Amino acid sequence: MSMLFFYALIGVGLFTLGLLALVVQPHLLQKILALNVMGSGVFLLLVALGGRSQPVVDVVPQAMVITGIVVAVSATAMALTLMLNLSRSSPGAQLPEDQSADS
Amino acid sequence: MGAQLIQVDWAVVLIMLPLSAAMLGFLLPGMARNIGLLAALLILFTVVGLGWQLTQTGVYSHVAGGWLAPLGIQLHADGFSLLMLATSAIVGVAVSIYSTGYFKAADDQRFWPTWLLLWAALNALFLAADVFNLYVTLELLGLSAVTLASLTGSKDSVSAAMRYLLSTLLGSLAFLLGIGLLYHQYGSVDIAILSERVNDSTVSWAALGLITAGLALKTALFPFHFWLPPAHASAPAPVSALLSALVVKASFYILLRLWLGLFDFQQDSTVANMLGILGATAVLWGSIQALRQIRLKMLVAYSTVAQIGYLFLAFPLAQTGGNRVWYAVAYLMLSHALAKAAMFLVAGNMMLFGGHDRIVNLDRVVQRLPVTVAAFGLAGVSIMGLPPSGGFIAKWLLLEAALAQGHWGIAGIMMLGGILAAAYVFKVLGYAFIPSPVPHQAVSVPARMQWMALLLATLAIMAGFVAQPLMQLIGIGALFDSTGSMP
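Right, dumping it as structure tokens:
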């Protein structure tokens, strides 16, 4: 029980860390990775909380996580495609407003 | 015949039809346009079928494949779902016909499958009966919307789409975390079951915060509107119309449904007041920004930011105003969708006609595109909230509630927003009448593109005349009547 609570806390921590990185990191790859870290945090939380109904583990959160992973994979693929497209037209894969802030 | 038709699962058809058409269009790119147009007309017909079914038998629900929640998928349709489905169908058909004139061959083949996928996601979202399906449809909607926004592949549109994608993913993750917490605490994802179980607890408040913040980001409520103007303005005109009219409404639809069903435990009005204050700021900020724009599409996009603000003004009013306020919001969603789609189609026409959309160089466009400018004027009437438009009915009901409750600030903001809206609409109309120093290299605009814009704008006005029967349709299932009492 306490172990599961620990996992859930880690999940919330990952979510928060990812959110921070998403906001402060200018590079798009870092932003995309940050979103993935946030997603992993949510999934960890869902699975950990699903384990609370001992001895039988609740399968619904697991089904949710599998769906969530499918969504995350396709979203990441799309984000990477857009990023590659952007980096071809402008050096350094960053959004325009972040570029002006740097230079 | 009638007895058999009433048994048809129209709601299932509404999801399967655009989905299969999208796949077919993807496999047979040469026929994508014809498949899409056929599907669009069939969807309109199906929505009419569903509407007729709802008026005859009341709220519709369906268990897909016989699997019950939480693992299965349930569909649910009431008056509010019907309103949104019908809005999507009307705007969808008009934009579909418009886009046959707008897109050239290569873009056409990419537009149709993605747009039909977006339509399938929209329909599934409006019919979803549980919060997890809402999450899945929200993601489908977000991904297809971003794809459409980046369709032209220009640098501006790709960077706008990238920002849009990052924002929409962040919003969905917050939403997913929120529903994860709800499931953990209350052991269900079904909205009907959750609405009985959710009570005033720390977990409920955390879920309320996460879900509201995530959906506010997706709905582009001030100050989360930063992604909307560039994404909507740099997309092709038919896509902008779809994004502004339908996609932002979808996340607001979820917020409203969950707010009414799940989060009615909070008697304390802090969150509602905060949403109201953000809405009021959005009305002012969006309108002032719209007034400052030099490009027509940016102006229309900022106008969307302002009009979304009006939707959120309803939250503090509904605390005591009850169901009338929510009916007004539903009506505003409908009339704004029609008027804003018309405005973006007009912007597309002007861009095609003159090769640019700088407002000061519109160059007597009224003489050469009279139908298009008329459409802009009529849509403007609804956006400003002048009678007899649909926008007027909605804003009048909101204003009435604000005055009745002594919310003078909200009433003042609404009136000021109306005046600012008039200012930016007339700014465009004014330049449409006078010659500009730079003459146009005019390109002819296909008639159907002009008439589709006028059709949507006219429907936005017509919505003002059919308020009574429409309100009755929205009332099927009494979603709004469960909260508060008639004033």
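Residue numbers (the working numbering), protein chains in the order written: chain A, 117 to 219; chain B, -3 to 483.
Each residue gets a CB set at the ideal place from its N, CA and C atoms; glycine is no exception.
All values reported here derive from a predicted model rather than from experimental measurement.
DSSP beta-bridge partners of residue i
i: residue 73 of chain B; result: B/56
i: residue 143 of chain A; result: A/210
i: residue 126 of chain B; result: B/186
i: residue 354 of chain B; result: B/291
Any chain A beta carbon closer than 8 Å to residue i
i: residue 182 of chain B; result: no
i: residue 298 of chain B; result: no
i: residue 132 of chain B; result: yes
i: residue 128 of chain B; result: yes
i: residue 142 of chain B; result: yes
i: residue 135 of chain B; result: yes
i: residue 146 of chain B; result: yes
i: residue 482 of chain B; result: Because the pLDDT of residue 482 of chain B is 36, which lies under 50, any placement of that residue in the model is unreliable, and the number read from its coordinates should be weighed accordingly. Chain A, which has no Cβ nearer than 8 Å to the Cβ of residue 482 of chain B, makes this no.
i: residue 506 of chain B; result: Coverage of chain B is limited to positions -3 through 483, which leaves residue 506 of chain B absent and any answer about it impossible.
i: residue 154 of chain B; result: yes
i: residue 479 of chain B; result: Residue placement at residue 479 of chain B is poorly supported in this model, since its pLDDT is 46, which falls under 50; the coordinates still yield a value, given next. Output row for residue 479 of chain B: interface = no.
i: residue 15 of chain B; result: no
i: residue 158 of chain B; result: yes
i: residue 151 of chain B; result: yes
i: residue 169 of chain B; result: yes
i: residue 176 of chain B; result: yes
i: residue 323 of chain B; result: no
i: residue 67 of chain B; result: yes
8 Å Cβ cutoff met for residue i and residue j
i: residue 91 of chain B; j: residue 234 of chain B; result: yes
i: residue 491 of chain B; j: residue 13 of chain B; result: No statement about residue 491 of chain B is possible, as the shown extent of chain B runs from -3 to 483 and does not include it.
i: residue 125 of chain B; j: residue 70 of chain B; result: yes
i: residue 138 of chain A; j: residue 130 of chain A; result: no
i: residue 371 of chain B; j: residue 307 of chain B; result: no
i: residue 166 of chain B; j: residue 213 of chain B; result: yes
i: residue 45 of chain B; j: residue 112 of chain B; result: no
i: residue 298 of chain B; j: residue 285 of chain B; result: yes
i: residue 399 of chain B; j: residue 280 of chain B; result: no
i: residue 147 of chain B; j: residue 117 of chain B; result: no
Cutoff 8 Å: residue i Cβ touching any chain B Cβ
i: residue 131 of chain A; result: yes
i: residue 136 of chain A; result: no
i: residue 156 of chain A; result: no
i: residue 151 of chain A; result: yes
i: residue 177 of chain A; result: yes
i: residue 187 of chain A; result: yes
i: residue 184 of chain A; result: yes
i: residue 217 of chain A; result: Any reading at residue 217 of chain A needs caution, since the residue's pLDDT is 45, under 50, leaving its predicted position unreliable; the model's value is listed next. False, the Cβ-Cβ gap to chain B never drops below 8 Å.
i: residue 194 of chain A; result: yes
i: residue 118 of chain A; result: no
i: residue 212 of chain A; result: yes
Minimum C-alpha distance to residue i - residue among the options
i: residue 80 of chain B; options: B/47, B/343 and B/290; result: B/47
i: residue 211 of chain B; options: B/232, B/239, B/229 and B/246; result: B/246
i: residue 114 of chain B; options: B/242, B/190, B/313 and B/203; result: B/242
i: residue 473 of chain B; options: B/78, B/33 and B/64; result: B/78
i: residue 85 of chain B; options: B/330, B/326, B/319 and B/147; result: B/330
i: residue 145 of chain B; options: B/346, B/460, B/157 and B/393; result: B/157
i: residue 142 of chain B; options: B/132, B/53, B/308 and B/228; result: B/228
i: residue 55 of chain B; options: B/7, B/301 and B/17; result: B/7
i: residue 351 of chain B; options: B/366, B/276, B/320 and B/441; result: B/441
i: residue 205 of chain B; options: B/121, B/253 and B/175; result: B/175
i: residue 310 of chain B; options: B/458, B/356, B/256 and B/426; result: B/256
i: residue 328 of chain B; options: B/97, B/248 and B/208; result: B/248
i: residue 453 of chain B; options: B/406, B/332, B/266 and B/137; result: B/332
i: residue 123 of chain B; options: B/278, B/383 and B/57; result: B/57
i: residue 288 of chain B; options: B/195, B/417, B/406 and B/360; result: B/417
i: residue 165 of chain A; options: B/199, B/161 and B/132; result: B/199
Exposed unless 16 or more other CB atoms sit within 10 angstroms - verdict on residue i
i: residue 197 of chain B; result: exposed
i: residue 456 of chain B; result: buried
i: residue -1 of chain B; result: exposed
i: residue 482 of chain B; result: Any reading at residue 482 of chain B needs caution, since the residue's pLDDT is 36, under 50, leaving its predicted position unreliable; the model's value is listed next. By the 10 Å Cβ count, residue 482 of chain B comes out exposed.
i: residue 219 of chain A; result: Summary for residue 219 of chain A: the model assigns pLDDT 36, below 50, so the residue's position carries little reliability; its value from the coordinates is reported in the next sentence. Classification for residue 219 of chain A: exposed.
i: residue 250 of chain B; result: buried
i: residue 217 of chain A; result: Unreliable positioning characterises residue 217 of chain A in this predicted model, as indicated by a pLDDT of 45, which lies under 50. The coordinate reading is nonetheless provided below. Counting Cβ neighbours within 10 Å, residue 217 of chain A comes out exposed, since fewer than 16 surround it.
i: residue 107 of chain B; result: buried
i: residue 149 of chain B; result: exposed
i: residue 290 of chain B; result: exposed
i: residue 119 of chain B; result: buried
i: residue 302 of chain B; result: buried
i: residue 125 of chain A; result: exposed
i: residue 132 of chain A; result: exposed
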